Amino acid sequence: MSAVLEEIYQKKGEEHKSVAKKHVSFRPANEFHTNDYSNNHIHTGSLPQSHIRNIENTVDGYPKLQKLFSMKEKQVMQYNTKPFGCTVELDEIVPTLNDWIQKDNLTFDVVMIGCLTDNQFIYPLLTQLPINRLISKPGFLFVWGSAQKINELSRLLSNEVWAKKFRRSEELVFVPVNKNSPFYPGLEADDESLFNKMQWHCWMCITGTVRRATDGHLIHCNVDTDLAIETNNCKVGAIPNQLYKVAENFSTATRRLHIVPARTGSETPIRMRPGWVIMGPDVLLNNFNSKDYKNEISRVGSNLPKDPVIESLRPKSPVSNKN
Amino acid sequence: MSLNWGLVDFMLDNHMTMMAHPVNGSLHDIYVMYSMFMQNFLWKNNECGVTFAKFCSDLDQISQVCSGCINIEDDSEGSIFNKKIAYINRDTLKLLQKVHYDKAIKLSLAHVGSKTKENYVKQDIPQSQGDSSDIHPSLLHRLMGVLEKSETITPNAKCLARLNQTLSTELGSSKLAKEQAELKTEVMPFIPICSDSRHVSLFAMVINTVNNKIVSLQTEKLKRLESEHPGITECVNSHIHFVPNLKPQTDLSLGDCSYLDTCHKLSTCRYVHYLQYYPESLQRQKNAELKKSIEQQTSFYTHGECCSALSKSILPPQWIKCDVRKFDFNILGKFSAVIADPAWNIHMNLPYGTCHDNELLQLPFELLQDEGLLFLWVTGRAVELGKESLQNWGYEVVNELSWIKTNQLGRTIVTGRTGHWLNHSKEHLLVGVKGKPEWLNRKIDIDLIVSATRETSRKPDELYGMIERLVGMHARKLELFGRDHNIRPGWFTIGNQVTGSSINEVDVKRKYSMFTEKLEGSKTH
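Sequence order for the protein chains is A and B. In this text, residue positions in the first sequence follow the working numbering: the first is -7, and each later residue adds one. In this text, residue positions in the second sequence follow the working numbering: the first is 3, and each later residue adds one.
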């Protein structure tokens, strides 16, 4: 009985509220409001990047781009090799790669080095690696690391020998959404730092010649952006999927290698990915052999074929510029 | 025959009380304690008690199994009331307990393993369910225990956990600095943006727009919406909404305009544009907040502040119109922080003259700071050049800030071929430190700025707040290559695009007039 009464009272209360609301002015404000997220962070602790409104779907509001992304994803999946893993101790990475190059005549078009961990051994790896023989021309190199690591590597990559072979073309950034994220580079923070570090950096380098206007069979420019933010469906691991996707969307090549020159441990596992050979000491799957890989590549072809729909959708250099 | 493990646990939990006054280790008193404990906590409804003899033999057993863990004194023969525990070795007892505990886990795991196997073979599902229900609580408890324990069991893991804890502990200085910053930074009004995508289309029906402006809202319609979508009125009252500004030429299937509110062809563009709506009441509230927050609070933590921080007013804005390349930096004095946004000589048609990279590198930056921070905006190719230059000028690159550029709708910029190979959604700001400035308040902000784009090459204002929190409000701050919109209190702005000059510091004023006199003198000769 009392429950019924309560309900009636509640309803009456709501009616009262709605009557009160009638008098609330809905007149629109006459000035544009912009939030200062850095200021808000100081007072509430909420991080600026968490207010970005297209994290889950970066191309929200752009149906053409949405279609392009899904078409490209489908095509990449269709022409993927099966996932290959190669478990190698850190000091065996370079000899193994040398074997692949010399004995098996393997080359790759897309090579990614490093992951979102300390990458302790990236420097010796980069100095010892027969990188110009490992990567074909034209080829693409992505080097991931903490901002600190990338800064340290800058001397190496800007020395003459390197700079001639690999042109630094873009600088990518990956941002975790908060401090509890598995991708938060917490321990990277040093006492010298002026700001709390919340980014991972990547150098995208190009070797050989590609022209964005004429080499549409090799590269698709301006599809992705140089920024990736952790999404809800990011799985815990050493490498979020977005890192692979940028490379897959940019280059049409199917021969892709990822070297993880660090122990990543069981808490940040390295997940296998179709279309990639992933190599490192903590890679769980060890199924790589050159013969199988070559068979897979000859099955899928070394580059994705041209797709008329993708061609019509992807951003291209303006034709008028050529005159 | 097994040990009385309950007694071991009991002794471990209560050894302090047992040895302290008034019990003083008296065996009989301890027996009373123990039996009360058993009655109260364990077998409340069970009559089964423990006799004193059983208690004594259990104790004996424990001391036999684990020699030295308890030492029973017997000063007068015969009288059981005079038996005393003289000493309890807690550590050995703990070891004993741990051995038992680990063994119990192993046993129960093996036990459950074999049981479920049996059940699997029998395919006796109901029974297995019945079984699991009575096994699970204790098993779950133990498994949880294993997980918790595993961290402390191996010495390596223990060490790692301690290291991690130490490394991730926030410094007291940065905690205090954060508190100070929170007290001293004025609160900017914050209005959340509605994240319910349905509201956009619903709201579009309620809004009346004239001349690309929202003029009113149909309250009746909104009320009707409220009945179908409860909460929408509340949301409209408290959030920013972006309403599509639909025109006869708008083609919804095309999606959003890349330029949105900065589109120059608003009257012909077929893409969707948006108008911002939030009620006037929020605007009034926001202005009131702004007024209130201007009264700054003081903080007891004063690291990095000047000694008269409370009474000293902040320097008014100062600026000099000049060609930075030919300006004598000696005039300006020393600064705690310098921002430079040079127009790097990249191949783009920018609405202002670019200077050659060489000219920039030759600027006498060493004159501006003895110790302090230099913030250098860089684009693409200039990142490397910028890092090198900073080092040449005597700075160490300690941070690389990213400005994540957003559009009217608070989304990152993803269209428009903004970069050569990939689209650019961010810009980089290099941060160099010269000397060992101990007066900085580090790690208050993060190395990201999320802010909307404005006029070409105009940088986000959030940076000023971040720098002021680092070096303090009263520190001298300089902006090179600034424009009129960069002029602000506490900052000295120089560049060839500011209007006129305004100098308040007497010293600078004197040196500047000497400099201009000399210039004019050389012209007349």
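Don't be surprised by glycine CBs; every beta carbon is placed ideally from N, CA and C. As the structure is a prediction and not an experimental result, all values here were calculated from the model.
DSSP three-state label for Ala183 (chain B), please.
Start at 1 with the first residue of the second sequence, and residue 183 (chain B) comes out as number 181. It is helical.
Using a threshold of 9 Å, state whether the C-beta atoms of Val433 (chain B) and Leu376 (chain B) are closer than that.
On the second sequence, residue 433 (chain B) is found 431 positions in, with the first residue counted as 1. On the second sequence, residue 376 (chain B) is found 374 positions in, with the first residue counted as 1. For Val433 (chain B) and Leu376 (chain B), yes; Cβs fall inside 9 Å.
Taking all protein chains shown into account, decide if Asp52 (chain A) is buried (16 or more other Cβ within 10 angstroms of its Cβ) or exposed.
Taking the first residue of the first sequence as 1, we reach residue 52 (chain A) at position 60. Buried, by the Cβ-count rule.
Since Cys196 (chain B) is in the alpha helix (DSSP H), which residue starts that stretch and which ends it?
Taking the second sequence and counting its residues from 1, the one referred to as residue 196 (chain B) is at position 194. It is not in any alpha helix (DSSP H) - Cys196 (chain B) carries neither H nor E in the DSSP assignment.
Give the range of the beta strand (DSSP E) segment to which His25 (chain A) is assigned.
One-based indexing of the first sequence puts residue 25 (chain A) at position 33. Per DSSP, His25 (chain A) belongs to no beta strand (DSSP E) and is neither H nor E.
Got a sec: is the Cβ-Cβ distance from Trp7 (chain B) to anything in chain A below 9 Å?
In the second sequence, counting from the first residue as 1, residue 7 (chain B) sits at position 5. Not an interface residue.
Return the residue from the list B:Tyr33, B:Trp379, B:Val101 that minimises the CA-CA distance to Leu5 (chain B).
By one-based count along the second sequence, residue 5 (chain B) stands at place 3. Answer by Cα proximity: B:Val101.
Output the distance between the C-alpha atoms of Ser515 (chain B) and Lys428 (chain B), rounded to the nearest integer angstrom.
Taking the second sequence and counting its residues from 1, one reaches residue 515 (chain B) at position 513. Taking the second sequence and counting its residues from 1, one reaches residue 428 (chain B) at position 426. Rounded to the nearest whole angstrom, the CA to CA distance from Ser515 (chain B) to Lys428 (chain B) is 41 Å.
The alpha helix (DSSP H) with Tyr33 (chain B) in it runs from where to where?
As a working note, residue 33 (chain B) is residue 31 in the second sequence. 29 to 39 is the extent of the alpha helix (DSSP H) around Tyr33 (chain B).
At the 9 Å Cβ level, is Gln129 (chain B) part of the contact set with chain A, yes or no?
As a working note, residue 129 (chain B) is residue 127 in the second sequence. Only weak support is given to the placement of Gln129 (chain B): the predicted model assigns it a pLDDT of 42, under 50, and the value that follows is read from those uncertain coordinates. It does not: the Cβ of Gln129 (chain B) has no partner Cβ on chain A nearer than 9 Å.
Alpha carbon of Leu411 (chain B) to alpha carbon of Lys108 (chain B), nearest angstrom:
For this step, residue 411 (chain B) is matched to residue 409 along the second sequence. For this step, residue 108 (chain B) is matched to residue 106 along the second sequence. The alpha-carbon atoms of Leu411 (chain B) and Lys108 (chain B) are separated by roughly 58 Å.
Answer with yes or no whether the minimum CB distance from Leu411 (chain B) to chain D is below 9 Å.
Chain labels in this structure do not include chain D; the protein chains are A and B.
Less than 7 Å between C-beta atoms, sequence neighbours within five positions excluded: which residues of the same chain meet that for Lys56 (chain A)?
Mapped onto the first sequence, residue 56 (chain A) falls at position 64. Result list for Lys56 (chain A): Leu305, in chain order.
Inspect the beta-carbon positions of Arg247 (chain A) and Asp96 (chain A) and report whether they are closer than 9 Å.
Numbered from its first residue, the first sequence carries residue 247 (chain A) at position 255. Numbered from its first residue, the first sequence carries residue 96 (chain A) at position 104. Not in contact: Arg247 (chain A) and Asp96 (chain A) (Cβ atoms no closer than 9 Å).
What span of residues does the alpha helix (DSSP H) with Gln63 (chain B) cover, start to end?
Mapped onto the second sequence, residue 63 (chain B) falls at position 61. Residues 54 to 67.
Who are the neighbours of Gly257 (chain B) on chain A, taking C-beta pairs under 7 Å?
Within the second sequence, numbered from 1, the residue matching residue 257 (chain B) stands at position 255. Correct list: Gly53, Tyr54, Pro55, Lys56.
Return the residues of the region 372 to 399 of chain B that lie within a Cβ-Cβ distance of less than 9 Å from chain A, sorted by chain order.
Leu375, Gly382, Arg383, Val385, Glu386, Lys389, Glu390, Glu398, Val399
Using DSSP with H/G/I as helix, E/B as strand and the rest coil, what is Trp7 (chain B)?
In the second sequence, residue 7 (chain B) corresponds to position 5, counting from 1. DSSP places Trp7 (chain B) in helix when its eight states are reduced to three.
Name the DSSP bridge partner or partners of Asp207 (chain A)?
Within the first sequence, residue 207 (chain A) is the residue found at index 215, counting from 1. DSSP output for Asp207 (chain A) lists no bridge partner at all.
For the region 163 to 197 of chain A, enumerate the residues whose C-beta is nearer than 9 Å to any C-beta of chain B, in chain order.
Glu163, Leu164, Val165, Val167, Gly178, Leu179, Ala181, Asp182, Asp183, Glu184, Ser185, Leu186, Phe187, Asn188, Lys189, Met190, Gln191, His193, Met196
Partners in chain B for Glu23 (chain A), counting only beta-carbon separations shorter than 9 Å
Here residue 23 (chain A) is taken as the residue at index 31 of the first sequence, counted from 1. The contacting residues are Gln285.
Along chain A, which residues have their Cβ under 7 Å away from the Cβ of Phe192 (chain B)?
The sequence position of residue 192 (chain B) within the second sequence is 190, counting from 1. Under the 7 Å cutoff, chain A gives Asn27, Asn32.
Which two residues bound the contiguous alpha helix (DSSP H) that contains Ser170 (chain B)?
Your numbering for residue 170 (chain B) matches position 168 in the second sequence. Unbroken alpha helix (DSSP H) run through Ser170 (chain B): 157 to 170.
Minimum Cβ-Cβ distance from Leu561 (chain B) to chain A less than 9 Å:
No information on residue 561 (chain B) is available, as it lies outside the stretch 3 to 527 that chain B covers here.
Can you name the start and end residues of the alpha helix (DSSP H) that Ala239 (chain A) belongs to?
Taking the first sequence and counting its residues from 1, one reaches residue 239 (chain A) at position 247. Start and end: 233 to 242.
Where Cys194 (chain A) sits in the DSSP three-state scheme:
The residue labelled residue 194 (chain A) in the question sits at position 202 within the first sequence. Here Cys194 (chain A) sits in strand by DSSP.
Can you check the region 250 to 309 of chain A for any alpha helix (DSSP H) of at least 4 residues that lies completely inside it and give the ranges in chain order?
Qualifying alpha helix (DSSP H) stretches, in chain order: 282 to 292, 300 to 305.
Proximal chain B residues relative to Gln41 (chain A), where beta-carbon distance stays under 7 Å
Stepping through the first sequence from its first residue, residue 41 (chain A) is reached at position 49. By Cβ distance, chain B contributes Ile406, Leu450, Val452.
Near-chain A residues of the region 455 to 475 of chain B - C-beta to any C-beta below 9 Å
Pro462, Asp463, Glu464, Leu465, Gly467, Met468, Arg471, Leu472
What does a CB cutoff of less than 8 Å around Gln99 (chain B) pick up in its chain, not counting 5 residues either side in sequence?
Residue mapping note: residue 99 (chain B) aligns to position 97 of the second sequence, counting from 1. Hits under 8 Å: Trp7, Val10, Asp11, Leu14.
List, in order along the chain, the chain B residues whose C-beta lies closer than 7 Å to that of Arg203 (chain A)?
Indexing the first sequence from 1 puts residue 203 (chain A) at position 211. Under the 7 Å cutoff, chain B gives no residues; its nearest Cβ is about 11 Å from Arg203 (chain A).
State the beta-bridge partners of Pro281 (chain B) as determined by DSSP.
Start at 1 with the first residue of the second sequence, and residue 281 (chain B) comes out as number 279. In DSSP, Pro281 (chain B) forms a bridge with A:Pro20.
Just the C-alpha distance for Asn470 (chain B) and Asp463 (chain B), rounded to the nearest angstrom, thanks.
Translated into positions along the second sequence, residue 470 (chain B) becomes position 468. Translated into positions along the second sequence, residue 463 (chain B) becomes position 461. It should be pointed out that residue 470 (chain B) corresponds to Glu in this sequence rather than to Asn. Glu470 (chain B) and Asp463 (chain B) have their C-alpha atoms roughly 12 Å apart.
According to DSSP, residues forming a beta bridge with Thr495 (chain B):
Looking up residue 495 (chain B) in the second sequence gives position 493. Answer by DSSP bridge pairing, in chain order: B:Trp321, B:Glu481.
Applying the criterion that 16 or more other CB atoms from any shown protein chain within 10 Å of the CB defines a buried residue, is His426 (chain B) buried or exposed?
Here residue 426 (chain B) refers to the residue found at position 424 when the second sequence is read from its first residue. His426 (chain B) is buried by the Cβ-count criterion.
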